[in-house]
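One rule links them: number in my numbering = place in the sequence shown (from 1) + 3. Glycine is no exception: its CB is placed at the ideal position from the N, C-alpha and C atoms. Predicted model only: the values in this text are computed from it and were never measured.
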Amino acid sequence: MGEIADYFKREKYITRRLSLLVLGGTVLLTPIALASSHRLILPRALEWAIFIYVGFVAIAVIFIVRDAHEKFPKSSIPDNSPLDKATRRKLRRRIWFLQGFVVIYAGGLFNVLVHARRNPWLITVISATLDLLVEVILIKAIRRLRRKLRVATAITAAP
């Protein structure tokens, strides 16, 4: 169960740090957005704050993922141990969770395509591209988790 346990440890490590990034962004960007809505600062200041925050998050995500892979390296030994019921349930729940996000992002892509004529073409292309990129990443993650669950279930079922 080493590879799957490492997966959940790595996921927990990444999730906690990304949650802190979101919390920090909320704390920083909310006052700027409120000041912009009350016309205390220029709308351009809000745009720049969001742009800088997105750049910071992109760089931080690279470091977080790199550190997670260094701290919890992928096991070179194939995971041939059977899974207990709780871990199988955890994997299934993770798959359902990711499938829910696939549906949400598919709805977002549909929304982008429906409103394509109203928005500038560059924003539409960027939005559609990001939606498709996230969809591909989610589908790959679902396939990887299903494969792990299938292999572990086959090992559990074998005498």
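**Prompt:** Are there 16 or more other CB atoms within 10 angstroms of the CB of isoleucine 65, so buried, or fewer, so exposed?
**Reply:** Stepping through the sequence shown from its first residue, residue 65 is reached at position 62. By the neighbour-count criterion, in which a residue is buried when 16 or more other Cβ atoms sit within 10 angstroms of its Cβ, isoleucine 65 is exposed.
**Whole runs of the alpha helix (DSSP H) within the stretch 49 to 125, excluding any shorter than 4 residues** = Qualifying alpha helix (DSSP H) stretches, in chain order: 88 to 117.
**Request:** Give the DSSP-derived three-state secondary structure of arginine 146 in the structure shown.
**Result:** Numbered from its first residue, the sequence shown carries residue 146 at position 143. Secondary structure of arginine 146 (DSSP, three-state): helix.
**Asked** Mind checking whether proline 101 and leucine 152 have CB atoms under 8 Å apart?
**Response** Along the sequence shown, read from residue 1 onward, the residue named residue 101 stands at position 98. Along the sequence shown, read from residue 1 onward, the residue named residue 152 stands at position 149. According to the sequence provided, residue 101 is leucine. The question's proline does not apply to it. Going by C-beta atoms, leucine 101 is not nearer than 8 Å to leucine 152.
**Message:** For the pair the stretch 95 to 114 and the stretch 46 to 66, tell me if three or more CB-CB distances fall below 8 Å.
**Reply:** By the C-beta criterion, the stretch 95 to 114 is judged not to be in contact with the stretch 46 to 66, since fewer than 3 inter-stretch pairs fall below 8 Å.
**Request:** Compute the beta-carbon to beta-carbon distance between isoleucine 7 and alanine 155, rounded to the nearest angstrom, for a pair I have assumed lies under 8 Å.
**Result:** Residue 7 sits at position 4 when you count from the first residue of the sequence shown. Residue 155 sits at position 152 when you count from the first residue of the sequence shown. Indeed, because the Cβ distance is near 7 Å, the residues count as touching under 8 Å.
**Residue from Thr29, Leu135, Ile67 whose Cα sits closest to the Cα of tyrosine 16** = For the purposes of this step, residue 16 is taken as the residue at position 13 of the sequence shown. For tyrosine 16, the nearest C-alpha among the options comes from Ile67.
**Item:** Assigned exposure category for aspartate 134 - 16 Cβ within 10 Å defines buried
**Value:** By 1-based counting over the sequence shown, the position of residue 134 is 131. Aspartate 134 counts as buried, since no fewer than 16 other beta carbons sit within 10 angstroms of its beta carbon.
**Item:** Simplified DSSP state of arginine 42, which is helix, strand or coil
**Value:** Taking the sequence shown and counting its residues from 1, the one referred to as residue 42 is at position 39. Here arginine 42 carries a coil assignment [DSSP, helix/strand/coil].
**Prompt:** With 16 other CB atoms within 10 Å as the buried threshold, where does leucine 86 fall?
**Reply:** Mapped onto the sequence shown, residue 86 falls at position 83. Under this definition leucine 86 is a buried residue.
**Cβ neighbour criterion (16 or more within 10 Å) applied to alanine 52** = Here residue 52 corresponds to residue number 49 of the sequence shown, with the count starting at 1. Burial call: buried.
**Prompt:** Cα separation between arginine 47 and isoleucine 35?
**Reply:** Translated into the one-based positions of the sequence shown, residue 47 becomes position 44. Translated into the one-based positions of the sequence shown, residue 35 becomes position 32. Cα to Cα, the separation comes out at about 11 Å.
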